[in-house]
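To start, the structure under review is shown below, and the notes come after it.
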Amino acid sequence: MLDMMVVKKRVEDIFPEIAEIRNRIHMNPELSELEMNTRDVITDYLKEQNIDFSTNDEDFGVVGIIDSGGKAIGIRGDIDALPIQEEVDFEYKSQNPGVMHACGHDFHTAILLGTARILNELRNELPVGIKVFFQPAEETVGGAKQMIDRGCLKNPEVVSVIGLHLNPDIDTGKIELVNGVLNATFTEFKIIVKGKGTHGAHPDMGTDSIAVTADIIKGSQNIISRLKDPLKPGVISFGRIYGGTKDNIIPEEVVLEGIIRSFSSEEQKFLKSKLDDMARHASRWAGAKCDVIFEDSYPPLINDGGLYEIVKEEFSREFGFENLVLDSPPSLGADDFAYFCHESRGFYYTIGCHKPGDREYYPIHSPRFDPDINCIRTGILSQISAVKAIWESI
Ligand SMILES: [Zn+2]
Ligand SMILES: [Zn+2]
3 MLDMMVVKKR VEDIFPEIAE IRNRIHMNPE LSELEMNTRD VITDYLKEQN IDFSTNDEDF
63 GVVGIIDSGG KAIGIRGDID ALPIQEEVDF EYKSQNPGVM HACGHDFHTA ILLGTARILN
123 ELRNELPVGI KVFFQPAEET VGGAKQMIDR GCLKNPEVVS VIGLHLNPDI DTGKIELVNG
183 VLNATFTEFK IIVKGKGTHG AHPDMGTDSI AVTADIIKGS QNIISRLKDP LKPGVISFGR
243 IYGGTKDNII PEEVVLEGII RSFSSEEQKF LKSKLDDMAR HASRWAGAKC DVIFEDSYPP
303 LINDGGLYEI VKEEFSREFG FENLVLDSPP SLGADDFAYF CHESRGFYYT IGCHKPGDRE
363 YYPIHSPRFD PDINCIRTGI LSQISAVKAI WESI
């Protein structure tokens, strides 16, 4: 039986060390799929703590294992940074130009190391195994899927996975829990409109790919406002459009790139098929051709309802009901933790990192994102109390 008073004391004891690791990782951020030094920081610490782990040759993920025999509970922390030039001047500023931990994954990594350390120290009290997933490439290719494909949920079998993300919208010490759908599924698309180039003075001599592009943009927003069920959220957004060389030349080709997001695979399928139809019709009508290419990314992130109840009750006891933020709406943001929810029972929650009383506010992915270091305490304590509550329910 895990004594939470002992855990709390240990969290306080190791806080300075974990804060130092976080600052070190923050100073040396690495982009997705390039997290080599971060992996070394992780494996060095796990070695120091005598925690077994495995790595692989294809990416920089690390799976730490505290095996008590039988089944296991997984805890995931993502480790990659973003292509952002940090604009906060402080002691631990990024030393890697143009790269920054602006999504808090430096915290996620350090918090998970602290969690692993304490659970390993108390391993004789654990009735289940613990696996800690230090996961690369959350911001790009979905490192979660690669970890799962390589078998991180097997041997020992992982029955539930939890994960956390920093949340600058709420004060440090508070925790936000959402039941059911938390994040969107998304698809990247590319539409290539192929017309016939001509002089701008003689549009009738060619096929204007720019005019077709304008119809596609307008038509896509009609899909959202007129065809989609208004009670089911979804977006079609364009992020990049290119084509043409000069003001008086109508180009042969224009390329549009964008994203579709929604909360269910069915809705996503519907939006994709309508966009595909509409782009082809708009092109055909004008005498142009078009290719529409979709690349599906993360599935929707859906929290397990049973785990939500178990974790909510435990956090209410541990942190006080007044410190829980409940019933928030889902967000069309995306996170590849969704794959863990898809393949296992998963629960993802966020911890406040806004310094109480601080009026400055910068969201994640901002070059000024500057979380409160004290949220490390909430992070470690919440992960340990969540896994405790989950194993007690098995
Ligand atoms: Zn991010
Ligand atoms: Zn993130």
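In my numbering, the protein residues as written are 3 to 396. C-beta: ideal position from N, C-alpha, C; glycine also.
Sub-7 angstroms separation of residue i and residue j beta-carbons
i      : j      : result
ARG370 : TYR364 : yes
ALA290 : VAL195 : yes
CYS377 : CYS343 : no
PRO253 : GLY199 : yes
ALA388 : ILE164 : yes
LEU334 : LYS276 : no
ILE261 : GLU190 : yes
PRO373 : GLY79  : no
GLU37  : ASP108 : no
PRO331 : ASP173 : no
LEU166 : LEU303 : no
VAL65  : ILE193 : no
PHE339 : ILE177 : no
ILE77  : GLN385 : yes
VAL161 : SER211 : no
ASP306 : PHE240 : no
Residue(s) in a DSSP beta bridge with residue i
i      : result
LEU166 : TYR351
ASN185 : LEU303, SER333
LYS192 : GLU259, ILE295
THR200 : ILE252
HIS356 : ASP173
GLY80  : According to the sequence as given, residue 80 is Asp; it is not Gly. Bridge partners of ASP80: GLN137.
Run of the alpha helix (DSSP H) containing residue i, from where it starts to where it stops
i      : result
GLY289 : Counting along the chain, GLY289 falls outside any alpha helix (DSSP H), and DSSP gives it neither H nor E.
TYR310 : 307-321
THR57  : Premise fails: THR57 lies in the beta strand (DSSP E), 54-57, not in any alpha helix (DSSP H).
SER222 : 211-224
GLY381 : 377-395
GLU178 : Looking at the DSSP string, GLU178 is not in any alpha helix (DSSP H); the run it does join, the beta strand (DSSP E), is 177-179.
heavy atom of ligand 1 below 6 angstroms from residue i C-beta
i      : result
GLU141 : yes
CYS105 : yes
Residue interval of the beta strand (DSSP E) (run including residue i)
i      : result
TYR244 : 236-244
GLU88  : Looking at the DSSP string, GLU88 is not in any beta strand (DSSP E), and its letter there is neither H nor E.
GLU1   : The first residue shown for the chain is 3 and the last is 396, placing residue 1 beyond what the model contains.
GLU259 : 255-264
LEU326 : 326-328
Just list the alpha helix (DSSP H) runs in the segment 94-174, keeping only unbroken ones of 4 residues or longer that don't cross its boundaries, in chain order.
-> 107-123, 145-151
Length-filtered (3 minimum) beta strand (DSSP E) runs lying within the segment 3-74 = 54-57, 64-68
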